[in-house]
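Report on one structure; see the data block that follows.
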Amino acid sequence: MSTVVDSYVTELDPKAKGTIRGTAKLVITGEGSVMLDEAGARAGDEEADVVLIASDEVFRNILSGDQNPVMAFMSGKLKVEGNTQRALKVSAILTG
1 MSTVVDSYVT
11 ELDPKAKGTI
21 RGTAKLVITG
31 EGSVMLDEAG
41 ARAGDEEADV
51 VLIASDEVFR
61 NILSGDQNPV
71 MAFMSGKLKV
81 EGNTQRALKV
91 SAILTG
């Protein structure tokens, strides 16, 4: 597991605990993936209800509030596989 994935797990675990219904996966291009569910965040590459795919830079900008996740999606910087409504809920957690 990369240090980049470790840092996402540390940052997202408290945000995800008890707030996510189902499962979401963040795929950090070239680094690995983070699973989010009601138990929190962990490194993993399992099936998920929604998958968000972007570079480390894009996810970092979303987390810091410098990048609007909807605009990242519209501009092609963020890709979504699965239910877009769930993706919006996950992005709210990321920016919250």
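The numbering used here applies: residue 1 is where the sequence shown begins, and numbers increase by one. For each residue, glycine too, the CB sits at the ideal point set by N, CA and C.
- Just so you know, the alpha carbons of residue 16 and residue 75 end up roughly 26 Å apart.
- Counting only the Cα atoms, residue 33 lies some 17 Å from residue 93.
- At the C-beta level, residue 41 and residue 13 come within 8 Å of one another.
- Shown here, residue 41 sits in a strand according to DSSP, grouped into three states.
- Residue range 84 to 95 is occupied by the alpha helix (DSSP H) that includes residue 92.
- The alpha carbon of residue 52 has as its nearest neighbour, out of 4, 2, 83, 11, the alpha carbon of 83.
- In this structure, the straight-line span from the alpha carbon of residue 81 to that of residue 19 is close to 20 Å.
- Residue state for residue 78 is assigned as coil, using DSSP reduced to three classes.
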